[in-house]
Amino acid sequence: MADSYHVLELVGEGSFGKVYKGRKKYSGQVVALKFIPKKGRSSKDLINLQREIDIMRSLHHPNIIALLDSFETADEVCVVTEYAEGELFQILEDDGNLVEDQVQEIAVQLVKALFYLHSHRILHRDMKPQNILIGKGGVIKLCDFGFARAMSINTLVLTSIKGTPLYMSPELVEERPYDHNADLWSLGCILYELFAGTPPFYTNNIFQLVNLICKDSVKWPAEMSPNFRSFLQGLLTKDPRKRLSWPYLLRHPFIADSINEEDFQELPLTPEEFGKLQKSEEKKKIELETKKKTVEKKQTWVERLQQQAQEKKKSEKKDSGQENNARKKSAGSKKEKNGNKKNNERKRNERESSKDRCDEKGRISEDYDREMEITNKVKEGHVKHIKLPLMSDQELESDEEWSNLLESTDEELKLQQQGGEIEDPVLERLVESSDFLGKMSAGFHSAADEVVKGILEGASKFRQILKVFRNILLLPGLAGQKLDFCVAIGLPEKCVTIMKDLMSTEVIKLPWCNEILIDCVTLFWTFLEECAMKLPEHRSFPALGETSVLFVSLLPQLVALDCDARLQDTVLNCFAALCETVDTRMTQFSSDFYNNIITTNIQVIDCLINCLTLQESQGICLCNNTAITATAALINHNTDEENHKQILSQLLVQKLLSQQFKKQLATLLSPQEVKDHRTLALLCKVCEGSKEMCVVIVDQEEYLSTLGVNFRELVTQSGSCDMEGLEEWILHVTVLWCILRYHQQDISQQLSSCGDLLIELFLHSNNILFKITTSFLFQTLFPECRDVFSQSQDDILTAILSTITSMPRIIHFPFCDIGLCDGVIHLLDNMLAQDTSSLNASDVISSGIWDALWYCLLVTIEVTSSPKPSEAVSGDGRSQVLSVNWTVLSPEGVLTLLELTCRMSAKYPLISVGSLVSSSNKTLNVLSLWLSKEFLLLFKKRFYADSSPDEDTVVITFINKILQIFCTPFAMEIDESLLHDLQSLFYEIKVLECLLDVIGNVLYPDNVELALGFVMRLVLSDLIFVSQFSKAVIQQQAEWLLESLLSSDQPDPVVLDALTILSHMARCSVDHVQFVSSILKGDRGDYETVQLLLSHNSIAVCAKTCGMMGNLLKKSVAFYPALKKKTIITLVNNHLQHEDDDVRKASSYIIGNAAFHSDSLYTTLSPSIPILVQLLSDPLPRTRSNAA
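Each number in this note's numbering comes from the position in the sequence shown (counting from 1) with 76 added on.
What follows is the structure, given as structure tokens:
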């Protein structure tokens, strides 16, 4: 075969070998000869190579490189393919990128090639520009299937990582299962690179690259068309289940015009279709094995698993002995050693090839083998171990057989819990054994059918099976495999269905039925805690949603059936675990789950409340801790945005306050329940959103008094007290007080009695949550503890700094309505407000508190990234606020912080200004974001849950406080370098743009004065602000706003500030004259605004208007059309004779500059000449100069 080709020239070389351009002898056919050396390659490599050849030989498509021939020599394998002249990679290197039309042509061809591969169950798995060639006429050719794999039914989901990292999909780099969608991601990366010149995710660091691929968003070029971007967004969707795929990919408008869908009828199989085929093949396999069993006696599944483990151990010991003997024979020849080595290798290969398929699927780890060897060597008594009995019968049909298996697995779990070592562990292998799965499934379903029919023997067997199943679930780890095991049998949904069936028949009255129900619920509970809660992030169990809803609907009936409280406790524990699972691992289903309770199964709340009280004992009602835990789980929420949880909490409160549940509420608030931290935690939850419940608690004087007495006793003795959950109890007492204080309840008496303890907790406790709650309570305690705070100033500052810097580590706080820093902000404000306090701004700033606080607040605001300069021309250049995390500081805390900042600026201006320009301080950054209309909307929404007439007043006050802080440096004399630094910072954070936005969207028309005044200060202070202001007006299309600010409806100060800004812009540069002129011209082009300003009642406004017109005319002729308006020139002439000196001076400035540039206005200005002659004797020198 090698003699059939002429080798012409080397065209490529890589790690695989060399590629030559060649020609087939006796013909003119040009080919590519890929020579791959055998030397240095393992047998696996050569097998993979043969796989590639086999795949390529079967492919015939115009966009896939055709394999023409292949042959082997002693040293090489040669693959002969059609020859393609160019490489796409080379075009990228030479040209940098391609235009969209060219990329579109390439995309169509690559889509056709990939569709062909995927419809033949072939993944490419190494898509990259280097593997895309260009044939005659520019035809795209896909090549190099070195990593491709024909997807057999059993290899639909692949988990090995192959391919090029730059083009790898998220599921590939995270080593998650993947399918043909991974190729489509790579296609998106390639097309993006062809257009943009670089891959969508690019870095030289492999770890950073993985992070970018999995988490970063794509940066879209501005010049990319919407259809192209949409196409790439579909392909580059990180979730493979939501990625643009077949057949919808073919219909996308970016390529649809070039695709005839009738040519693509054989769609690639979806994962669901592959799954059906796989189940079909497995079913046939099980049937075949069943037939074999009737002919040939086989070992039981337990015997096989144990025998395989023992054989493996013996064979490895034998191999080890042979190798040791070989090393001892120093006189042995090299040939004999090699022969022994090959012989051992051959034997191991034979043993491995003869393994049963069950052993292939099983997992007997090296750790297990090592433990077995150690077990045989240790002395008796040092390690406790167990050996499970072998099963003599293979079918596992009788109750006794299941009982023996249950006893064995119980003992194994018990031994694991005691830390003992197990000689022959079976539970793990049971999960992976297909034999056992079949027996378990058959036994479970047959026994379940008998249970529903009321057959006692079936019930006994069913209980044993459920308990074995529970032991499997209790096995540590293997959450994914345990889920697969459950799914195969139909659990836990089958257990819940059985409960439903039992309760709908007379069988429920049978005495053993209660035990069946307990076992079913226990298994569901165990599944939730040991499997569902521990699943990897990428695994989900959609069927659990329907099962959960069904279980909730049965809950009241299950509790009502209980005769000895065991079923009730199990059901409530299971419900608590279910709520936790929904909240943490099934968040996509949580809204539907809780809405179902609110709308359909509201009786669950009644049931939970009824269960809160245990049966009376000696006339005293006690709380049921299990019911308290379940109720708390129902209403527990970690964020303030879970509306369904808030609704559930409100419903629970309404029912607790009703006459129907008076007994249960009284039990919760009874003095004997004061020390139970679970009851206290539930009270905190129900009080959090209900002022009514807070009023009820404050009215229970005995309860609050007992609470205070116990708090003093237990905090004082906390070092020696062994009370369960003491720290939680102390926390929830302070949280309850915070909630009552937040809802404006008077608890000053209770707090006063414990004030010294609260201060001690704040200053010296290591629990940061104690610092948060106690500092919030200091608002009530401060007046009477003022002296204590003054004496502990350094300790207080240290505690405050510790509280602020610990914010990122706090995952959950029991009360969402107060901010974590609210208390310390109030404390600082109170301390600085005291005239007698020795604390000053310098102490706060030098302690690090100020920098830490504002940085912490900056992190709580999520903003859009700033656009590129090229994009900022057509849109707003500022970062926009998307969301605010109110956990750190509530709206009330924000207002207090602004008061504190204003106080510091007023009392210590130089220190405050110095801190503003510090590189480590983020005060101005945060304040500028707080001024945005997006933040103000979020602030108002959070501050006022419902619409309020006061909300606008609060927002205006909020804005004005920020403006006061901004204005402080300009109202005092400070060093020029400090002022320059401050101006630079204002420019960088784009305060002008923010102010213009908030003036137009929030403050206009009645509250613009302070904000506009600060804008004027900035514009006058430096030329950089003049340009920034004009750009901001254009970007925000705010020309209407400036024109409106000049109207007679506005107060004189507002009009004067607006005129000052425009006049200064005109004076600074001729570039701004056209901009100012266009605003004065108005939409109708009649300069009506100028006429109104010249006719204004205010002399100051008239003078300022004339000055602005003079500046416009001094720089350019652009404003000449305004003077040609008869009304305007008449008003100007009248002002030349005005009694006010400033008006005459400014109006003469207009005429002087108008005549300077051109004589085109001679006719217009001729009536002014006699008046100008008179002004030559004006008292003001400047007026005389202008007239001359």
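Where a beta carbon is used, it is the ideal one built from N, C-alpha and C, also for glycine.
As the structure is a prediction and not an experimental result, all values here were calculated from the model.
Figure out for me which residue from L532, G530, L542 has the closest Cα to the Cα of S479. As a position in the sequence shown, residue 479 is number 403, starting the count at 1. The shortest C-alpha separation from S479 is found at L542.
W296 versus V215 - alpha carbon distance: What you label residue 296 is simply residue 220 of the sequence shown in a count that begins at 1. What you label residue 215 is simply residue 139 of the sequence shown in a count that begins at 1. Distance between the alpha carbons of W296 and V215: 28 angstroms.
Starting from the C-beta of G63, find all residues in its chain whose C-beta is less than 8 angstroms away, skip the five residues before and the five after it, and write them out in chain order. Any question about residue 63 goes unanswered here, given that the chain covers just 77 to 1264.
By a C-beta neighbour count over all protein chains shown, 10 Å radius and 16 as the cutoff for buried, is T370 buried or exposed? Here the question's residue 370 lines up with position 294 in the sequence shown. A caution first: T370 carries a pLDDT of 45, below 50, which makes its placement in the model unreliable, though a value can still be read off. So T370 counts as exposed.
Buried or exposed for P1255, please, with buried defined as at least 16 other CB atoms from any protein chain shown within 10 angstroms of its CB. Taking the sequence shown and counting its residues from 1, the one referred to as residue 1255 is at position 1179. Exposed is the label assigned to P1255, since fewer than 16 other Cβ atoms lie within 10 Å of its Cβ.
Rounded to the nearest angstrom, what separates I1204 and K1221 at their Cα positions? Taking the first residue of the sequence shown as position 1, residue 1204 is located at position 1128. Taking the first residue of the sequence shown as position 1, residue 1221 is located at position 1145. Cα to Cα, the separation comes out at about 17 angstroms.
Would A1230 count as contacting chain C if we go by Cβ distances under 8 angstroms? Absent here is chain C; the protein component of the structure consists of one chain.
Determine the direct distance from the alpha carbon of H196 to that of E44, and round the result to whole angstroms. Absent from the model: residue 44. The displayed extent of the chain is 77 to 1264, so no value can be given.
Could you check the C-alpha separation between K761 and A653 for me, to the nearest Å? Against the sequence shown, residue 761 aligns to sequence position 685. Against the sequence shown, residue 653 aligns to sequence position 577. Cα-Cα distance, rounded: 18 angstroms.
Just mark F852 as buried or exposed, buried being the case when its beta carbon has 16 or more other beta carbons within 10 Å. Position 776 of the sequence shown holds residue 852. Result: buried.
Do you know how far the Cα of P241 is from the Cα of E247? Residue mapping note: residue 247 aligns to position 171 of the sequence shown, counting from 1. Residue mapping note: residue 241 aligns to position 165 of the sequence shown, counting from 1. Each residue's alpha carbon lies about 12 angstroms from the other.
If you pair each beta-carbon of the segment 1168–1182 with each one of the segment 1120–1131, do three or more pairs fall below 8 angstroms? yes
Closest Cα partner of P276 within the set C861, T856, F283, I266: Position 200 of the sequence shown, counting from 1, holds the residue named residue 276. For the residues C861, T856, F283, I266, the minimum Cα distance to P276 belongs to I266.
Under a Cβ-count criterion, where at least 16 other Cβ atoms within 10 Å of its own Cβ denotes burial, should N700 be classed as buried or exposed? In the sequence shown, residue 700 corresponds to position 624, counting from 1. Buried is the call here.
By the DSSP assignment, the beta strand (DSSP E) with P316 in it spans what residues? The residue labelled residue 316 in the question sits at position 240 within the sequence shown. Per DSSP, P316 belongs to no beta strand (DSSP E) and is neither H nor E.
Host alpha helix (DSSP H) of C265 (start-end): In the sequence shown, the residue the question calls residue 265 occupies position 189. Element bounds for C265: 257–272.
Please report how far the alpha carbon of H82 lies from the alpha carbon of A160, in whole angstroms. Sequence index remark: in the sequence shown, residue 82 carries index 6 (1-based). Sequence index remark: in the sequence shown, residue 160 carries index 84 (1-based). Using only the alpha carbons, I get a separation of about 17 angstroms.
Go ahead and pull the three-state DSSP assignment for N1120. As a working note, residue 1120 is residue 1044 in the sequence shown. The question names Asn, but residue 1120 in the sequence shown is Ser. Note: S1120 maps to helix in three-state DSSP.
Could you compute how far the alpha carbon of K460 sits from the alpha carbon of Q492? Along the sequence shown, read from residue 1 onward, the residue named residue 460 stands at position 384. Along the sequence shown, read from residue 1 onward, the residue named residue 492 stands at position 416. Legend: pLDDT at K460 = 39, less than 50; position of this residue unreliable, no value from coordinates given.
Report yes if the C-beta distance between L873 and D919 is below 8 angstroms; otherwise report no. Along the sequence shown, one-based indexing puts residue 873 at 797. Along the sequence shown, one-based indexing puts residue 919 at 843. Yes, the Cβ-Cβ distance between L873 and D919 is below 8 angstroms.
At the level of alpha carbons, what is the spacing between Y60 and I1038? Any question about residue 60 goes unanswered here, given that the chain covers just 77 to 1264.
Along the chain, where does the alpha helix (DSSP H) that runs through G534 open and close? Counting from one through the sequence shown, the residue named residue 534 turns up at place 458. Segment 532–549, the alpha helix (DSSP H) holding G534.
Among D511, L745, T912, E836, the one whose alpha carbon lies nearest that of D863: Along the sequence shown, one-based indexing puts residue 863 at 787. D863 has its Cα closest to that of T912, out of D511, L745, T912, E836.
By DSSP, does R505 sit in helix, in strand, or in coil? The count along the sequence shown starts at 1 and reaches residue 505 at position 429. Assignment of R505 by DSSP, reduced to helix, strand and coil, places it in the helix class.
In the DSSP assignment, the alpha helix (DSSP H) including C596 goes from what residue to what residue? Here residue 596 is taken as the residue at index 520 of the sequence shown, counted from 1. Note, C596: alpha helix (DSSP H), 589–606.
Span of the alpha helix (DSSP H) around E148: Numbered from 1 along the sequence shown, position 72 holds the residue referred to as residue 148. E148 -> not in any alpha helix (DSSP H); beta strand (DSSP E) instead, spanning 143–148.
DSSP three-state assignment for L958, whether helix, strand or coil: The residue labelled residue 958 in the question sits at position 882 within the sequence shown. Here L958 sits in strand by DSSP.
By DSSP's criteria, R99 is part of a beta bridge. Which residues make up the other side? Walking along the sequence shown from the start, residue 99 turns up at place 23. DSSP, once it has assigned bridges, lists H82, V106 as partnering R99.
What does the alpha-carbon distance come out to for the pair F350 and L164? Numbered from its first residue, the sequence shown carries residue 350 at position 274. Numbered from its first residue, the sequence shown carries residue 164 at position 88. Residue confidence for F350 is low, a pLDDT of 47 falling below 50, so the modelled location carries little weight; the figure read from the coordinates is stated next. Near 34 angstroms, if we compare the C-alpha coordinates of L164 and F350.
Bridge partner(s) assigned by DSSP for E968: Within the sequence shown, the letter at position 892 stands for residue 968. E968 pairs with nothing; no bridge assigned.
Residue nearest to F1232 in terms of C-alpha spacing, selected from L1207, D1218, N1262: For the purposes of this step, residue 1232 is identified with residue 1156 of the sequence shown, where counting begins at 1. Closest by alpha carbon: N1262.
Given M980, which residues of its chain have a CB within under 6 angstroms of its CB, disregarding the five upstream and five downstream residues? For this step, residue 980 is matched to residue 904 along the sequence shown. Excluding residues within five positions, the ones whose Cβ falls inside 6 angstroms are A917, S988.
State buried or exposed for G784, treating a residue as buried only when at least 16 other CB atoms are found within 10 Å of its CB. Translated into the one-based positions of the sequence shown, residue 784 becomes position 708. Buried, since its Cβ has 16 or more Cβ neighbours within 10 Å.
Within 8 angstroms, strictly: CB atoms of I1035 and Y1063: For the purposes of this step, residue 1035 is taken as the residue at position 959 of the sequence shown. For the purposes of this step, residue 1063 is taken as the residue at position 987 of the sequence shown. For I1035 and Y1063, no; Cβs fall outside 8 angstroms.
Looking only at DSSP bridge pairs, what is G1089 linked to? The residue you call residue 1089 lines up with position 1013 of the sequence shown. Looking at the DSSP assignment, G1089 forms no beta bridge with any residue, so it has no partner.
Start-to-end residues for the beta strand (DSSP E) that takes in K1200: Looking up residue 1200 in the sequence shown gives position 1124. It is not in any beta strand (DSSP E) - K1200 carries neither H nor E in the DSSP assignment.
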